[in-house]
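**Student:** A single structure is presented below for examination.
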Amino acid sequence: MGKFDGKTVIVTGGVSGIGEGISRAFVAEGANVVMNCLPGEAAGQKLYDELRGQGAKCLLAEGDISNKDSVENMIGLAIKTYGRVHTFISNAAAFDYYKPLLETSEEMWDKLMAVNLRGNFFISKAIVPHFIENKGGNLIFVASIAGLIAGHGGAAYTATKHGVVGLCKQITFDYGSQGVRCNTICPGSIYTPLSGPFLDMPAAKEKLARTPFGTHGQPRHIAAAALFLASDEAEFVHGTTMLVDGGNVVRKW
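In terms of this note's numbering, the sequence shown opens at residue 976 and continues consecutively.
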């Protein structure tokens, strides 16, 4: 018996990095996990085949969250297969590779706005009515430490992640009393295939060595936060911004 037996969880960007860690954690706790990835993403089929081979209850839903139809189709697939969605974890995001404002092109700005903010707008518009209809549900945004401070992304990334934090608070204000529990996780430096080349740089290692944790985190650290926020134990946790960063921001650099 797992903590999430019979519960259905959707994880966007759920086949690599932080998303993969979240998907694996919920599968281990017995959830029906709908893992989203971009169309044709090889990691998606690989992870799906592995988990299904282990007897996991999971689906692979290809689609781009910046596309409204993709979002609605993903949620529709989950409902058709499992009856309802209990938790939606919005993890997929685009990154700007630390580009400052004057080096940020309109194309990069528009791409990050489309994925990181517009995508979460589509997700929220599609899943919140389902949660209200079913008298409960959890919407968890995976934002970033860049949603709280500067320096952990470029201008576009930092702007969009601050926007995600604000969207979470407003959704809570508007719909929390109708059973919608919305929270945001803000990861610090987490080692993934995307972030690894940056975190392996000597300057990054030296900086992280001065944090309380002493080094980067792992996807399992974010997955543990997601498990808690999706659980009944967190029923009194609404609209929070959970910083999971190894103590990165507790001191001035």
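The beta-carbon is built from N, C-alpha and C at its ideal position, and this holds for glycine as well. This one's a predicted model, so the numbers in the text were calculated from it and none came from an experiment.
Given this structure, state the Cα-to-Cα distance separating T1147 from G1019, to the nearest angstrom.
**Tutor:** As a working note, residue 1147 is residue 172 in the sequence shown. As a working note, residue 1019 is residue 44 in the sequence shown. Between T1147 and G1019, the C-alpha separation is close to 32 Å.
**Student:** Flag this pair as yes or no: are the beta carbons of I997 and V986 separated by less than 7 Å?
**Tutor:** Translated into the one-based positions of the sequence shown, residue 997 becomes position 22. Translated into the one-based positions of the sequence shown, residue 986 becomes position 11. Contact: yes.
**Student:** Check whether the stretch 1174-1189 touches the stretch 1129-1138, counting contact only when three or more Cβ pairs, one atom from each stretch, lie closer than 8 Å.
**Tutor:** The stretch 1174-1189 vs the stretch 1129-1138: no contact.
**Student:** With distances taken Cα to Cα, identify the nearest neighbour of V1002 among T983, S1119, N1091.
**Tutor:** Numbered from its first residue, the sequence shown carries residue 1002 at position 27. V1002 has its Cα closest to that of T983, out of T983, S1119, N1091.
**Student:** What is the DSSP secondary structure of A1201, counted as helix, strand or coil?
**Tutor:** One-based indexing of the sequence shown puts residue 1201 at position 226. Helix, per DSSP.
**Student:** Write down every uninterrupted run of the beta strand (DSSP E) in the stretch 1024-1110 whose length is 3 residues or greater and which is fully enclosed by it, in chain order.
**Tutor:** Here the runs fully enclosed are 1033-1037, 1062-1065.
**Student:** How about A1067 and I1040: are their beta carbons less than 7 Å apart?
**Tutor:** Along the sequence shown, one-based indexing puts residue 1067 at 92. Along the sequence shown, one-based indexing puts residue 1040 at 65. Yes, they are a contact pair.
**Student:** What is the rounded straight-line gap between the Cα of M1083 and the Cα of D1071?
**Tutor:** By 1-based counting over the sequence shown, the position of residue 1083 is 108. By 1-based counting over the sequence shown, the position of residue 1071 is 96. Their Cα atoms are separated by approximately 7 Å.
**Student:** Do G1222 and G1192 come within 7 Å of each other at the CB atom, strictly closer than that value?
**Tutor:** The residue labelled residue 1192 in the question sits at position 217 within the sequence shown. The residue labelled residue 1222 in the question sits at position 247 within the sequence shown. No, Cβ-Cβ distance for G1192 and G1222 is not below 7 Å.
**Student:** What does the Cβ neighbour count give for E1078, buried or exposed, with the cut at 16 atoms within 10 Å?
**Tutor:** Here residue 1078 corresponds to residue number 103 of the sequence shown, with the count starting at 1. Exposed, because fewer than 16 other Cβ atoms sit within 10 Å of the Cβ of E1078.
**Student:** Taking the C-alpha atoms as reference points, what is the distance between Q1153 and R999?
**Tutor:** One-based indexing of the sequence shown puts residue 1153 at position 178. One-based indexing of the sequence shown puts residue 999 at position 24. Answer to the nearest angstrom: the Cα atoms are 30 Å apart.
**Student:** Tell me the residue span of the beta strand (DSSP E) that contains V970.
**Tutor:** The requested residue 970 is not part of the displayed model; the chain covers only 976 to 1228.
**Student:** With a CB to CB cut of under 7 Å and the five nearest residues on each side skipped, what residues in its chain are close to P1194?
**Tutor:** Here residue 1194 corresponds to residue number 219 of the sequence shown, with the count starting at 1. Cβ neighbours of P1194 beyond the five flanking positions: G992, I993, E995, G996, I1165, T1167.
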